[in-house]
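**Q** Residue numbers for the sequence shown, in the working numbering: 31 to 535.
Let me begin by handing over the structure; questions about it come next.
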Amino acid sequence: MLKSVFVKYISAFMLINILSIFLSTSIITTLVNTFDENNKTRNLAKVNYAVASYMIDDYTDSGENSFSAYLDDSVYKIIPVLDTIALSEDDLLIFVADGNGNVRLVRGQEHAGAFAGDDGIISGTEQLTLPQSVVAEMKKADSLSRHDDLDGFFTDSHMTYMQPIVASEGKTVGMVMTCSMSTDMDELLEAMIRTIVMSMLWLMLAALIAVYFITERLVSPIRDMSKAAREFAGGQFDVRVQVNGNDEVSELADAFNNMANSLQHSDETRRLFLANVSHDLRTPMTTIRGYIDSILSGAIKGDMIPHYLEVISGEVQRLSRLVSSLLDITRIQAGERKFNVAPFDICEMAREIIIFSEQRLEDKKLDVEFDADRDNMFVGGDREAIHQVLSNICDNAIKFSREKGKYIVSIKDSGSKTVVSVYNEGDGIPEEDLPYVFDRFYKGDKSRGLDKTGVGLGLYISRTIIEAHREKIKVESEYGKWCRFTFTLPRVNPPKPAASREMET
31 MLKSVFVKYI
41 SAFMLINILS
51 IFLSTSIITT
61 LVNTFDENNK
71 TRNLAKVNYA
81 VASYMIDDYT
91 DSGENSFSAY
101 LDDSVYKIIP
111 VLDTIALSED
121 DLLIFVADGN
131 GNVRLVRGQE
141 HAGAFAGDDG
151 IISGTEQLTL
161 PQSVVAEMKK
171 ADSLSRHDDL
181 DGFFTDSHMT
191 YMQPIVASEG
201 KTVGMVMTCS
211 MSTDMDELLE
221 AMIRTIVMSM
231 LWLMLAALIA
241 VYFITERLVS
251 PIRDMSKAAR
261 EFAGGQFDVR
271 VQVNGNDEVS
281 ELADAFNNMA
291 NSLQHSDETR
301 RLFLANVSHD
311 LRTPMTTIRG
321 YIDSILSGAI
331 KGDMIPHYLE
341 VISGEVQRLS
351 RLVSSLLDIT
361 RIQAGERKFN
371 VAPFDICEMA
381 REIIIFSEQR
391 LEDKKLDVEF
401 DADRDNMFVG
411 GDREAIHQVL
421 SNICDNAIKF
431 SREKGKYIVS
441 IKDSGSKTVV
451 SVYNEGDGIP
461 EEDLPYVFDR
471 FYKGDKSRGL
481 DKTGVGLGLY
491 ISRTIIEAHR
501 EKIKVESEYG
511 KWCRFTFTLP
521 RVNPPKPAAS
531 REMET
């Protein structure tokens, strides 16, 4: 089950969606946190700058007293100012420390009591000191922004901004630290994450349902094709895949059905071929054996023996033609048949074939017509092979012509090609059989009423020979009326010495 395309596709989809949720949540959380930190840092810096500026100005005006003494003397004047400034932020704490980091004053809205008394003043007996690492870092910088527990000063992470209070001689005499104590953004982030995750889960569920049906739509025909292919392996070629729609999968299913039709036709043709070959082998062999046995037993005597020997000779020739055709097929398939290409007169060849078939033409009283542009027309090809093609086509035309029908051999020039066609009037070829005429083992006369000697290899051999010459052969027919076979050959000049060359199929 885990190996199926459907499971792999759904699993990949789920994994991608889960990763998308995780990545989206991480990105949004990072963006919101970054924005919140930047915004809080700006606000803390503004408050810090306001407090530090006030205290620097006020401390300078107070004379030569130390900063600690200044805080002791001016604390009740400073507190209202700090409280007013602290009103700008609900979660703000303001720490004022001396130059050694001893916190002397804490003001804020809610959390100041955690660090000092209700008045926010830390007396000399109380101890609240900034970490020395922070103090040292502060003395080296104009300002300091951090988002942590401030080296253990806080129990958890806070946003802090620090600025030194510098005396007129450049000495750091004190520090102002502003701190954000709010957890509202954390709660907002949690709410956002929950909302995002829930929304994406619902979307993923809807997409999963859609993907399920789409994937099933894609996989189902493939599954049917796989099942059909297994049945083909068992010899069942009548199975077809249902075609729905007009997308790529439907085109694949349609192509599969076309392949199945071709396989079924090939299987039927092969069966018919075996039946025909068996018949064509058995019939002459039975005839030969019967006559020979009769001669040997003395049943046939005297003057009748030569006659029956001629019959036996005819049957042997028939067997020879069959074996020759089968050998031709074997040689063509193995690529062993070679063609000697040379100029020859196609008109002379056509006339010879017509003259050779004169008796058969007269027997059917056919209206024979030979139509050529000139008396002599030279083409390039293997003369023996082309003679086999033209002879086979002419023989079929006579065989399947009706009595007193037209029989036309036409040879015409068309550009650099010479077009040879053979036309006859007769039953023709059904439209559904036209694509298979040149297939191996094809026989249009399946009843063997007219074609008693062929095995369906002649036209296949003819097509192979023409294609080996890099030319084309085709058939046209109107069933019940006429049929025309046409092939092309290259036009050449009359033959010259040593003009031949060899070409392999």
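Even for Gly, the Cβ is constructed at its ideal location relative to N, Cα and C.
Exposed or buried, which one is proline 460 when buried takes at least 16 other CB atoms within 10 Å?
**A** Counting from 1 along the sequence shown, the entry for residue 460 is found at position 430. With fewer than 16 Cβ atoms within 10 Å of its Cβ, proline 460 is classed as exposed.
**Q** Taking the alpha carbon of isoleucine 226 as the reference point, which residue from Ile51, Arg514 and Ile385 has its own alpha carbon closest?
**A** Working through the sequence shown from its first residue, we reach residue 226 at position 196. For isoleucine 226, the nearest C-alpha among the options comes from Ile51.
**Q** Let me confirm a value: tyrosine 106 is counted as buried when at least 16 other C-beta atoms fall within 10 Å, else exposed. Which label applies?
**A** Indexing the sequence shown from 1 puts residue 106 at position 76. Classification for tyrosine 106: exposed.
**Q** Residues in its own chain within less than 8 Å of arginine 390 by CB, not counting five upstream and five downstream?
**A** Here residue 390 refers to the residue found at position 360 when the sequence shown is read from its first residue. Cβ within range, chain order: Ile428.
**Q** If the criterion is Cβ atoms closer than 7 Å, does the pair serine 279 and leucine 248 meet it?
**A** Here residue 279 refers to the residue found at position 249 when the sequence shown is read from its first residue. Here residue 248 refers to the residue found at position 218 when the sequence shown is read from its first residue. The sequence shown places valine at residue 279, not serine. Their beta carbons are under 7 Å apart, which means valine 279 touches leucine 248 by this criterion.
**Q** Would you say the region 253-267 touches the region 228-239, given that touching needs at least three Cβ pairs under 8 Å?
**A** Counting C-beta pairs with one atom in each stretch, the region 253-267 and the region 228-239 have fewer than three that are closer than 8 Å, which means they do not touch.
**Q** My output table needs one value for valine 196: the three-state DSSP class, helix, strand or coil.
**A** To locate residue 196, count along the sequence shown from 1; it is residue 166. Three-state result, valine 196: strand.
**Q** Can you tell which of Asn406, Tyr437, Asn276 and Ser56 has the C-alpha that lies nearest to the C-alpha of glutamate 220?
**A** Indexing the sequence shown from 1 puts residue 220 at position 190. It is Ser56.
**Q** If I measure Cβ to Cβ from phenylalanine 503 and keep anything under 6 Å in the same chain, skipping five residues before and after, which residues do I get?
**A** The residue labelled residue 503 in the question sits at position 473 within the sequence shown. With the sequence shown as reference, residue 503 is identified as isoleucine, and phenylalanine is not the correct amino acid for it. Counting only Cβ-Cβ distances below 6 Å, and skipping sequence neighbours, we find Arg493, Ile496 and Phe517.
**Q** Could you check where the beta strand (DSSP E) with alanine 171 kicks off and where it finishes?
**A** Sequence index remark: in the sequence shown, residue 171 carries index 141 (1-based). From DSSP, alanine 171 is part of no beta strand (DSSP E); its letter is neither H nor E.
**Q** How long is the line joining the alpha carbons of isoleucine 252 and alanine 240, rounded to whole angstroms?
**A** As a first step, residue 252 is located in the sequence shown; it is residue number 222 there, counting from the start. As a first step, residue 240 is located in the sequence shown; it is residue number 210 there, counting from the start. The alpha-carbon atoms of isoleucine 252 and alanine 240 are separated by roughly 19 Å.
**Q** Which residues does DSSP list as the beta-bridge partners of alanine 127?
**A** As a working note, residue 127 is residue 97 in the sequence shown. In the DSSP output, where bridge partners are listed per residue, alanine 127 has Val133 and Met205.
**Q** Which class does valine 241 belong to by DSSP, given the choice of helix, strand or coil?
**A** Translated into positions along the sequence shown, residue 241 becomes position 211. Three-state result, valine 241: helix.
**Q** With contact counted as at least three CB pairs below 8 Å, one residue from each stretch, are the region 395-407 and the region 374-386 in contact?
**A** yes
**Q** Under 7 Å between the Cβ atoms of alanine 82 and isoleucine 195?
**A** Residue numbering aside, residue 82 sits at position 52 when the sequence shown is read from its first letter. Residue numbering aside, residue 195 sits at position 165 when the sequence shown is read from its first letter. Yes, the Cβ-Cβ distance between alanine 82 and isoleucine 195 is below 7 Å.
**Q** Based on the DSSP output, what are the partners of asparagine 454 in its beta bridges?
**A** As a first step, residue 454 must be located in the sequence shown, where it is residue number 424. Answer is Tyr437 and Cys513.
**Q** Do methionine 168 and methionine 192 have their C-beta atoms closer together than 7 Å?
**A** The residue given as residue 168 occupies position 138 in the sequence shown. The residue given as residue 192 occupies position 162 in the sequence shown. Yes, Cβ-Cβ distance for methionine 168 and methionine 192 is below 7 Å.
**Q** From histidine 337 to isoleucine 318, what distance separates their C-alpha atoms?
**A** Within the sequence shown, residue 337 is the residue found at index 307, counting from 1. Within the sequence shown, residue 318 is the residue found at index 288, counting from 1. Spanning the two alpha carbons is a distance of roughly 13 Å.
**Q** If distances are taken between C-alpha atoms only, which option among Asp469, Asp179, Gly458 and His499 comes closest to glutamate 508?
**A** Position 478 of the sequence shown, counted from the first residue, corresponds to residue 508. Closest by alpha carbon: Gly458.
**Q** For arginine 185, which three-state DSSP category applies?
**A** Mapped onto the sequence shown, residue 185 falls at position 155. Here residue 185 turns out to be threonine, not arginine, going by the sequence shown. If DSSP states are grouped into helix, strand and coil, threonine 185 belongs with coil.
**Q** Tell me the residue span of the beta strand (DSSP E) that contains serine 507.
**A** Your numbering for residue 507 matches position 477 in the sequence shown. It spans 503-508 - the beta strand (DSSP E) in which serine 507 sits, taken as one unbroken run.
**Q** Cutting at 7 Å between CB atoms, please list the residues of its own chain near histidine 295, excluding the five before and the five after it.
**A** Locating residue 295 in the sequence shown gives position 265, counting from the first residue. Taken in chain order, the residues that qualify are Tyr466.
**Q** Taking DSSP as the reference, what is the three-state secondary structure of glutamate 388?
**A** Residue numbering aside, residue 388 sits at position 358 when the sequence shown is read from its first letter. It is helical.
**Q** Could you spell out the range, first to last residue, of the beta strand (DSSP E) harbouring alanine 402?
**A** Numbered from 1 along the sequence shown, position 372 holds the residue referred to as residue 402. Per DSSP, alanine 402 belongs to the beta strand (DSSP E) from 397-402.
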